[in-house]
Amino acid sequence: MKNDTLTLDRRHIWHPFTQGQTAPDPVVMTRGQGAHLIAEDGSRYLDLISSWWVNIHGHARGEIATAISDQAHRLEQVAFAGFTHRPGVDLACRLAGLLPGDLDRVFFSDNGSTAVEIALKIAWQYWRNQGDARRCLFAAFGGGYHGDTLGAMSVGFSSGFYAPFADMVRETAFVPFADTWLGDNAIDDKEAATLSAVETLLSEKADHLVAVILEPLIQAAGGMRMGRPDFLRDIVARFQAAGVIVIFDEVMTGFGRTGALFACHKAKVIPDIVCVAKSLTAGFLPLAATVCREDIHQSFLSNSFDTAFAHGHSFTANPLGCAAALASLDLFEKEHCLEKIARIEQIHHQRLADLSACPTITHRRVMGSVAAFDLHGGDQGYGAEIGRRLSERMRKRGFILRPLGEVVYLMPPYCIDEHDLHSAYDGLAATVPTLLD
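At position 21 of the sequence shown (counting the first as 1) the number is 20 in numbering that gives the first Met the number 0, and the numbers step up by one without a gap.
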């Protein structure tokens with residue numbers, strides 16, 4: 000069966016972010032259990048990346064599976080234009096209650112890219128509904144990644160992922176992201192440079208800016224680059240004081256990753272629009288939401304359809320996805336996940352300190368459940384050989400890592416056993432020194 004699965008995979012599947020010509024055969028997974036994935040041959044792997052950052056409670060959680068099954072026996076899908084349903088309403092109310100301030104209006108979609116695309120379109124049309132067509136420029140932070148649809152690519156172009164599509168994207172004004180790490184003595188100068196760039200941008204183009212979008216506190220796909228909460232708060236205040244809409248892309252940072260339920264809580268700021276996805280359903284089903292302040296929503300209301308937001312997806316607010324999200328939020332509260340994350344963060348700090356003597360490891364950084372470091376001594380960039388080598392050697396030890404080039408990160412499910420997390424660090428300590436052999 001295994002060989003048959005791989006043969007058919009090679010014949011028909013086009014895997015994401017993969018060079019099919021050179022990639023090794025994928026591992027055939029058959030089930031999950033807690034923080035582990037189990038392959039067809041019985042091998043167990045500790046999932047240290049939460050299956051691309053979506054799984055927060057562990058695999059195959061019965062509570063979420065039951066919620067989906069119960070909902071499937073009642074209502075599996077209905078068009079969300081002209082109709083509504085209780086799971087969608089309950090989830091919208093839940094999100095509005097969890098997010099700060101008057102972030103009360105929820106527009107559902109199905110993934111992070113579309114959540115961002117919706118946020119950009121809402122901001123764009125908001126100004127046109129206000130009669131202001133001068134605003135045609137978005138601002139973003141260098142190195143940020145916001146998804147793979149055209150608008151999201153435009154505001155994430157500086158991440159380096161989109162070179163083949165340069166002629167398809169819109170111009171965006173990028174300012175530097177002041178990232179930091181443990182022992183970084185230059186962070187004050189970097190933050191000053193970013194503030195200067197922001198002030199210059201606002202003095203020259205504030206009246207032409209539609210919005211600024213950023214990944215709050217952690218730039219994820221761009222290399223797990225981390226910033227300071229106080230600085231984020233200062234940046235947001237400057238854009239909002241200039242009348243620019245602030246969009247937080249919390250697709251990765253949402254639902255506990257930074258140590259708070261949302262990064263906006265950790266930074267104590269209220270953006271104008273927030274995008275959430277990934278962990279929203281704990282990895283069970285695709286679902287996303289774009290949540291905006293009520294005053295933005297009000298600008299779309301009139302007697303004419305011309306001011307309405309003409310956007311939607313076939314599976315908008317899918318009842319099964321909404322049921323999964325509600326069950327996940329219940330688990331988050333019931334299992335005191337923020338306390339679990341605090342313990343994971345403590346272990347990250349402790350064990351990264353143990354790795355500090357390795358000359359190959361630099362720029363150690365931790366925030367919430369996320370730990371990262373850079374590998375030096377090999378090639379750099381997303382396709383760096385040193386990262387691929389580490390991934391393969393750690394997999395042989397029973398650990399799933401997917402480095403971002405030379406950037407190694409751990410982002411485990413919150414249910415991870417402390418012993419298992421320590422064993423992962425033991426594996427890194429044994430493996431990293433061998434990478435240049």
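All residues carry an ideal CB built from backbone N, CA and C; glycine is no exception.
Looking at the backbone, the Cα of A210 and that of H347 are separated by about 35 Å. H296 carries a helical assignment under DSSP once its states are collapsed to helix, strand and coil. Under the three-state reduction of DSSP output, C321 falls in the helix class. In this structure, I12 lies away from A122, with their beta-carbon atoms at least 7 Å apart. Contact between S158 and A220 holds, since their C-beta atoms are separated by about 7 Å, short of 8 Å.
Around the CB of F82, fewer than 16 other CB atoms lie within 10 Å, so the residue is classed as exposed. For V407, the closest alpha carbon among the candidates G397, D416, N128 and M393 is that of M393. Assignment of beta strand (DSSP E) within the segment 260-295, counting only whole runs of 3 or more residues, yields 272-275 and 287-292 in chain order. Taken atom to atom, the span from the alpha-carbon of L260 to that of T6 is near 43 Å. Burial check for L427: the Cβ neighbour count within 10 Å reaches 16 or more, so the residue is buried.
With 16 or more other Cβ atoms from the protein chains shown falling within 10 Å of its own Cβ, M152 counts as buried. If you draw a straight line from the Cα of I272 to the Cα of T29, it comes to about 38 Å. Contact annotation: G96 and C321 have beta-carbon atoms that are not nearer than 7 Å.
Bounds of the beta strand (DSSP E) holding Y44 are R43 to D46.
Put simply, the backbone Cα of D109 is about 11 Å away from that of C274.
Considered as a whole, the segment 118-154 harbours 149-154 as its complete alpha helix (DSSP H) runs of no fewer than 4 residues, in chain order. Annotation: V115 to R169 spans about 15 Å, alpha carbon to alpha carbon. DSSP places T361 outside any alpha helix (DSSP H); the residue lies instead in the beta strand (DSSP E), whose first and last residues are I360 to M366. Secondary-structure assignment with DSSP links V245 through a beta bridge to V211.
Around the CB of G143, 16 or more other CB atoms lie within 10 Å, so the residue is classed as buried.
When only Cα atoms are considered, G100 and H296 end up about 15 Å apart.
For I415, the closest alpha carbon among the candidates V369, K339 and Y125 is that of K339.
Distances from the CA of V290 to each of G155, R363, L98 and T17 were compared; the closest alpha carbon is that of L98.
The beta-carbon separation of L279 and A288, rounded to 7 Å, stays under the 8 Å limit for a contact.
The Cβ neighbour count for K333, taken over all protein chains shown within 10 Å, is under 16; the residue is labelled exposed.
Look at the beta carbons and you see the segment 341-361 not touching the segment 299-315: under three pairs across the two are nearer than 8 Å.
Under the Cβ criterion (8 Å, minimum of three pairs), the segment 230-241 counts as touching the segment 178-196. Secondary-structure assignment with DSSP links V105 through a beta bridge to V290.
The residue from T433, L208, R85 and G182 with its alpha-carbon nearest to that of V154 is L208.
The beta carbons of A281 and G226 sit no closer together than 7 Å.
The C-beta separation of M410 from S68 comes to about 28 Å, leaving the pair out of contact by the 8 Å criterion. Around the CB of S301, fewer than 16 other CB atoms lie within 10 Å, so the residue is classed as exposed.
Boundaries of the alpha helix (DSSP H) around A64: G61 to A71. Using a 10 angstroms sphere on the CB of M167, the tally of other CB atoms stays under 16, which defines it as exposed. Secondary structure remark: continuous beta strand (DSSP E) runs of at least 3 residues inside the segment 160-207, in chain order: 171-174.
When DSSP states are grouped into helix, strand and coil, M225 belongs to the strand group.
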